[in-house]
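Under the working numbering, read the sequence shown as residues 151 to 641, first letter to last. No residue lacks a Cβ here, since even glycine has one placed at the ideal position from N, Cα and C. Computed from a predicted model, the values in this text were never measured in an experiment.
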Amino acid sequence: MSDATPIRSILVVGGGLTAWCAAAALKRRAPFLDVTLLASPVPPDALADRIACTLPSLPGFQADLGIGIDDGVTRSGAGYRLGTRFIGWAEGLPDYVHAYGPYGHGIGPAAFHLHWVRAARDGAAQPFDAYSPAARIARDGRFAPPAPGGLFGAHEFGLTLDLPRHLAMMRAFATHVGVVEIADSVASVGVDARGHVEAVTTAQGRSLTADLFLDASGPQAVLRGAIDDAWQDWSRWIPCDRVLLGTSPAGTGAPVLTEVIAQAAGWRWSSGEQVGLAYASAYLSDADAAATMAQGGARPEPVIALRPGTRPRPWHGNCIAIGDAATQVEPLEWCNLHLALSAIDRLIAMLPDRAMAPVEAADYNRQTLAEAERVRDFLAARYRTARRPEPMWRAVALAEPPASLEHSLTQFAERGRLPFYEEETFARDSWAAMLLGQGFLPRRVDPLVHGVPDGEVAAVMTRLSDAIAAALPQMPAHDEWRAAQMRRLAR
């Protein structure tokens with residue numbers, strides 16, 4: 151049948167990093183496709199394209215395309231990130247680090263965090279992140295890539311991007327592998343009776359057709375939004391519906407550990423040159439938020455309005471929404487671009503033919519929604535377990551959580567179990583680091599920990615912490631590592 155033949159053409163709409171990553175990956179990994187990118191202006195509210203901090207998924211995504219560290223990090227001016235330091239999220243408790251790597255290691259039949267809970271109750275444990283090599287490196291402002299087989303062999307790293315340079319790098323790579331760029335914008339979208347996109351008319355009067363349309367146009371979702379506006383609202387669990395981005399006048403280098411500081415109506419962060427404030431507009435006015443940013447010397451940009459939530463069906467007919475066109479969340483944990491990259495990988499793995507079989511779209515949507523909802527749960531868990539007295543924080547903590555988050559929290563609260571779902575973004579150690587850092591300890595010790603004597607566990611924990619401390623002085627400072635990489639390339 152003619153409609154079961156392979157697709158040959160894809161039109162990607164959007165001019166930001168999300169769109170260029172999608173176009174590059176499709177052409178690189180499916181070179182038989184004709185991939186065209188309609189490079190429309192990047193909207194100011196497209197956080198996936200505008201947040202400098204990323205998760206480790208971006209270096210991995212680039213490596214899969216053949217973009218190595220030299221081009222994907224060093225030449226494009228990125229800094230390395232080993233995690234995030236959370237300050238003020240649990241009053242009365244110290245700050246804590248969510249690092250991209252393991253915390254301790256299993257002892258006997260039980261996971262490390264279960265032994266830590268027993269030791270902490272006995273007053274015999276250091277902070278949980280003291281047993282994370284990546285967290286300790288990051289707190290010291292140092293960096294080294296993973297060295298397989300050693301103490302510092304299992305961590306990953308995200309990036310802090312120089313966004314204009316990174317976009318230019320990805321655009322150059324995409325056009326090099328054969329992506330065709332059209333500099334224009336969408337004027338109208340033709341949709342047939344089945345809900346399939348027939349053609350896109352541009353502002354300059356072109357009519358563009360394709361077998362498959364990929365919407366990376368930001369929250370407006372100019373393609374996917376022309377079909378329907380179905381949306382899951384997450385605002386009662388993830389409260390920040392405004393973001394202010396700004397530029398630090400100090401122009402300091404990107405830190406290896408990004409600080410996220412809780413405030414009365416949200417939180418603020420600094421990733422070197424880019425600074426930001428996420429807040430709930432019901433508890434803080436836009437004018438007061440801008441004044442808060444200005445007090446720190448930052449030059450705030452116009453307010454970005456968010457609609458926390460997701461499309462339950464990002465793929466409909468022959469149109470797929472990715473990035474902010476599919477899911478909108480505040481940039482806590484830096485998931486915006488990550489969700490787009492995951493969607494791109496999933497699309498390539500499930501590339502349809504011209505039949506656009508509904509069963510294929512349904513499975514793509516099931517997986518994509520499951521992933522987005524677990525990211526929602528991870529962000530919402532931090533709000534729900536936070537210890538702050540202000541009205542915004544109390545309101546979020548009292549809201550009935552999603553069923554999947556309720557399951558995770560009740561299981562952990564009982565004896566430290568960490569249920570894991572099919573489409574998880576964050577590892578069990580990440581969940582443990584977040585919950586324990588917030589002071590959300592299980593009510594009872596897991597029986598498995600009693601399989602190892604207390605003294606033996608204490609000795610293992612001490613050896614691990616001491617080994618990390620002894621190795622730290624051998625690690626270069628983050629800036630020293632970056633400078634050494636630049637010198638190597640200059641030879």
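Keeping to the same chain, check which residues put their C-beta closer than 7 Å to that of V267; ignore five residues upstream and five downstream.
-> Counting only residues of its own chain and dropping the five nearest sequence neighbours on each side, V267 has a CB closer than 7 Å to the CB of G566, L591, P592 and V595.
Note down, in chain order, each residue of its chain lying with its Cβ closer than 8 Å to the Cβ of T204, except the 5 sequence neighbours on either side.
-> R231, G308, L309, T310, L311, W484, L487 and H488
Using the beta-carbon count (16 or more within 10 Å), is M319 buried or exposed?
-> buried
Limits of the unbroken alpha helix (DSSP H) element including L208 = S207 to L215
Cβ of D378 less than 8 Å from any chain B Cβ?
-> Checking the listed chains, one finds no chain B in this structure; it contains a single protein chain.
Residue from P405, F278, A439 and E521 with nearest C-alpha to A288 | P405
Assign F570 to one of two classes, buried (16 or more other C-beta atoms within 10 Å of its C-beta) or exposed (fewer than that).
-> Looking at its Cβ environment, which holds fewer than 16 other Cβ atoms inside 10 Å, F570 is exposed.
Buried or exposed: which applies to A448, given that a residue is buried once 16 or more other Cβ atoms fall within 10 Å of its Cβ?
-> It is buried - the Cβ of A448 has at least 16 other Cβ atoms within 10 Å.
Helix, strand or coil at Q370 according to DSSP, with G and I counted as helix = coil
Flag this pair as touching only if the segment 314-331 and the segment 239-256 have three or more C-beta atom pairs under 8 Å; answer yes or no.
-> no
Cβ of S580 versus every heavy atom of the ligand ADP: is any distance shorter than 7 Å?
-> In terms of ligand content, the structure shown is empty, and the ligand ADP therefore cannot be addressed.
Test item: CB-CB of V410 and R578 under 8 Å | no
Verify whether the separation of the beta carbon atoms of M542 and A415 is less than 8 Å.
-> Taking 8 Å as the cut-off, the Cβ atoms of M542 and A415 count as close.
Using only alpha-carbon positions, find the residue among D438, R504 and L395 that is nearest to P450.
-> L395
Cβ of G165 within 8 Å of Cβ of P191?
-> Taking a C-beta distance under 8 Å as the contact criterion, G165 and P191 qualify as a contact pair.
C-beta atoms of G574 and Q517 nearer than 8 Å = According to the sequence displayed, residue 574 carries Glu and not Gly. Against a cut-off of 8 Å, the Cβ pair of Q517 and E574 comes out as no contact.
If you draw a straight line from the C-alpha of A275 to the C-alpha of A180, how long is it?
-> 51 Å
Beta strand (DSSP E) containing S128: first to last residue?
-> Lying outside 151 to 641, the shown extent of the chain, residue 128 is not represented and no answer is given.
CB-CB under 7 Å to L598, same chain, minus the five flanking residues each way: which ones, in chain order?
-> P259, A260 and L264
Reduced DSSP category for T612 - H, G, I as helix; E, B as strand; rest coil | helix
Smallest Cα separation from L176: which of L362, R344 and G242?
-> Comparing Cα positions, the closest option is L362.
Which residue's Cα is closest to the Cα of G300: W631, A621, S357 and A634?
-> A621
Unbroken alpha helix (DSSP H) run spanning A412, endpoints = No alpha helix (DSSP H) holds A412; the beta strand (DSSP E) holding it covers L407 to Q413.
What are the boundary residues of the beta strand (DSSP E) that includes E523?
-> E523 -> not in any beta strand (DSSP E); alpha helix (DSSP H) instead, spanning P508 to R534.
Under three-state DSSP, which class holds L555?
-> The answer is helix: DSSP assigns L555 an H, G or I state.
Identify which residue in D365, Q382 and W381 has its Cα closest to the Cα of R374.
-> D365
Nonlocal neighbours in the same chain, by C-beta distance under 6 Å from V607, ignoring five residues either side = I257 and H265
Roughly how many angstroms lie between the CA atoms of F211 and P481, to the nearest whole one?
-> 19 Å
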